[in-house]
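Asker: In terms of full-length UniProt numbering, the sequence shown opens at residue 1 and continues consecutively.
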Amino acid sequence: DATDHEKKKTLLFTECFELAPISLITKSGVNHTLLGHVPILDELSADSPVALTVASTQLYKNQDKPFCSRCSSFPSPGLEGLLRVSPYAKLLLEMKFVELSEDNTKILNEDWVSRPYLKHVCARMFAGSILHNKTNNQAVMINCLEIFGRKKEVDAHREPFRLIKGHAPQTSIPPFGKKKYPDVWPLTMNSKDGDRLVIGTQAFNILVTSCIRLDEKVSPSLGGMTTCFSLKDTESSRATAIFLDCESVQEAYEIYESKKETKSNQNEIEQMRQLRSKFNHISTFYSSRASSNITKSHNMQPYTVFTLSGHDSLESGSGRAAAILFNEIAIRVKDGKKHSKLKLRSIKSALELCKNTGKIKNILENIAGLFQDKTSVRIIGNKDLNTELVKLAKELSSCIVKANKVPAQFIQECFSSY
1 DATDHEKKKT LLFTECFELA PISLITKSGV NHTLLGHVPI LDELSADSPV
51 ALTVASTQLY KNQDKPFCSR CSSFPSPGLE GLLRVSPYAK LLLEMKFVEL
101 SEDNTKILNE DWVSRPYLKH VCARMFAGSI LHNKTNNQAV MINCLEIFGR
151 KKEVDAHREP FRLIKGHAPQ TSIPPFGKKK YPDVWPLTMN SKDGDRLVIG
201 TQAFNILVTS CIRLDEKVSP SLGGMTTCFS LKDTESSRAT AIFLDCESVQ
251 EAYEIYESKK ETKSNQNEIE QMRQLRSKFN HISTFYSSRA SSNITKSHNM
301 QPYTVFTLSG HDSLESGSGR AAAILFNEIA IRVKDGKKHS KLKLRSIKSA
351 LELCKNTGKI KNILENIAGL FQDKTSVRII GNKDLNTELV KLAKELSSCI
401 VKANKVPAQF IQECFSSY
């Protein structure tokens, strides 16, 4: 084995001459490790090379300090190789990533009951992270995610655990046995609407609502269903490495140390989750969404019932009336919390925008009937209002799917044009 001095000399040599190792696979499947000049490798990356770069992590040079602030492990040699051959290499190589560490997993599994700030910590930590499935070399960056607490007392929208026809349903809770990371489990979950990309811990689960493939150019997936990346079997989940954006890790630790429910003041309504039920629960309106630093602008956010009113192409009429109403409800709950109220004049304004007939108009008329002789009704705790809002949200589902094509295009162009 080479001595530490010899290893340092080798690292110095490769750095001075801008060299990086590559793995070259011949037609017969034989793997050769070579050194290549970094500028040449960058040119090869743009031309879809047959060689996959595996760049040096310089562990000996940096062993006395972490790769980035608050990061307690080093980047995987395989990650930089993946990023170099990505169609978005120029953008990605400007960023710093670190593999999920054991220290981080401990925080990700702390109980939320007495620590409500943890939802912001955990959501922020995964924003902009990369999932790399090493069984097929596919990788995605998480552009936007929604976080859900495990327990009923912290989140009305927690993952349900009731039996279905006498059988336990699929769950995102990390299984017993061998895992790549302690109590952190990425997987694809089946739903009646399609496949959901999820990351589960003992304390919460994350639903990926926007992601983009990094190993090839594929249209980004936006909304609750992920079509561009799948982890449908245990082998894929175990083989998937998770790399965190160092900037997001730093931001997460700042919240963790402050022990305060710190959220961004930018795009506040966009931080609410895309939900279609339980509008009588305060947790429905929590800021439980986080976006990567690349896609934090409002024009790259997946739409929700609360933000759909801002979509420029939403047709005037009943759909716009319903979207405006949900936006107003979100603003009122954000400002008034549990004591927020919905005004009768808001319903009358929405009805004026509606077409003469239709499901949405009928629902709005039902809501108007709840006021009786009052000018306002409470939102939180109002089961009758929730019943009608659930129906209204269902009518907007197709509008949201259509609207999400716009931010998907903005994301694609953002990554491609850097």
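Note that the Cβ used here is the ideal one computed from N, Cα and C, for glycine as well. In this text, all values refer to a predicted model and were calculated from it rather than measured experimentally.
Spatial neighbours of S73 within its chain, please: CB distance less than 7 Å, with the 5 preceding and 5 following residues excluded, ordered by chain position.
Answerer: Its pLDDT being 48, under 50, S73 is placed unreliably by the model, and the measurement read from it follows with that caveat. For S73, where only same-chain residues beyond five positions count, the Cβ hits under 7 Å are V98, E99, S101.
Asker: Straight-line CA distance for E328 to K178?
Answerer: About 47 Å.
Asker: Might you give, ordered along the chain, the residues of its own chain that have their beta carbon closer than 7 Å to the beta carbon of R238, omitting 5 neighbours on each side?
Answerer: Closer than 7 Å at the Cβ level, and outside the excluded window around R238, lie K178, K179, K180.
Asker: May I ask you to report which of helix, strand or coil DSSP gives G369?
Answerer: Three-state result, G369: helix.
Asker: Taking D335 as the reference, which of A241, S114, C211, S287 has the closest Cα?
Answerer: Per the Cα distances, S287.
Asker: What are the residues that DSSP puts in a beta bridge with R213?
Answerer: For R213, which the question treats as bridged, DSSP gives the partners V140.
Asker: What is the rounded straight-line gap between the Cα of T209 and the Cα of V140?
Answerer: One C-alpha to the other measures close to 12 Å.
Asker: Return the CA-CA distance between K405 and K151, expressed in angstroms with no decimal places.
Answerer: Those two C-alpha atoms are separated by around 34 Å.
Asker: For F326, I'd like the list of residues in its chain whose CB is within less than 6 Å of its CB, leaving aside the five on either flank, ordered along the chain.
Answerer: So the list reads V305, F306, once near-sequence residues are dropped.
Asker: Can you tell me whether I360 is buried or exposed? The criterion is at least 16 other CB atoms within 10 Å of its CB, across all chains shown.
Answerer: Buried.
Asker: Find out if the Cβ-Cβ distance for the pair K343, T375 is shorter than 8 Å.
Answerer: The answer is yes: Cβ separation under 8 Å.
Asker: On the criterion of 16 or more Cβ atoms from any shown chain inside 10 Å, does A350 qualify as buried, or is it exposed?
Answerer: By the 10 Å Cβ count, A350 comes out buried.
Asker: Roughly how many angstroms separate the alpha carbons of V218 and V121, rounded to a whole number?
Answerer: Each residue's Cα considered, the two are about 30 Å apart.
Asker: Select from E413, S297, Y303, A123 the residue whose C-alpha is nearest the C-alpha of E261.
Answerer: Among E413, S297, Y303, A123, the Cα nearest to that of E261 is on A123.
Asker: Could you tell me whether the Cβ atoms of K338 and I380 are closer together than 8 Å?
Answerer: Cβ atoms of K338 and I380: closer than 8 Å.
Asker: According to the neighbour-count rule (16 or more other Cβ atoms, all chains shown, within 10 Å of its Cβ), is A323 buried or exposed?
Answerer: So A323 counts as buried.
Asker: Look at the alpha carbon of K383 and the alpha carbon of N280, and state the distance between them as a whole number of angstroms.
Answerer: If you take the alpha carbons of K383 and N280, they lie about 6 Å apart.
Asker: Grab me the residues of L389's own chain with a C-beta within less than 7 Å of its C-beta, minus the 5 sequence neighbours each way, in chain order.
Answerer: Correct list, in chain order: F279.
Asker: Which same chain residues, not among the five before or five after S283, have their C-beta less than 6 Å away from its C-beta?
Answerer: Closer than 6 Å at Cβ, skipping near neighbours: D155, A156.
Asker: Residue range of the alpha helix (DSSP H) that L342 falls in?
Answerer: Looking at the DSSP string, L342 is not in any alpha helix (DSSP H); the run it does join, the beta strand (DSSP E), is 341-343.
Asker: Hey, which unbroken runs of the alpha helix (DSSP H) at 4 residues or more fall wholly within the stretch 368-412?
Answerer: You should have 383-395, 397-403.
Asker: Give the secondary structure of E146 by DSSP, where H, G and I count as helix, E and B as strand, and everything else as coil.
Answerer: It is a strand residue.
Asker: Between which two residues does the alpha helix (DSSP H) holding L118 run?
Answerer: Looking at the DSSP string, the run of the alpha helix (DSSP H) that includes L118 is 118-126.
Asker: With a threshold of 16 other CB atoms inside 10 Å of the CB of H167, please say whether the residue is buried or exposed.
Answerer: Classification for H167: exposed.
Asker: I need the DSSP call for I130, collapsed to helix, strand or coil.
Answerer: It is a strand residue.
Asker: What span of residues does the alpha helix (DSSP H) with G336 cover, start to end?
Answerer: 318-336 is the extent of the alpha helix (DSSP H) around G336.
Asker: Select from L396, Q250, K296, E247 the residue whose C-alpha is nearest the C-alpha of Q266.
Answerer: The shortest C-alpha separation from Q266 is found at K296.
Asker: Taking the alpha helix (DSSP H) that E99 belongs to, which residues open and close that run?
Answerer: E99 -> not in any alpha helix (DSSP H); beta strand (DSSP E) instead, spanning 97-99.
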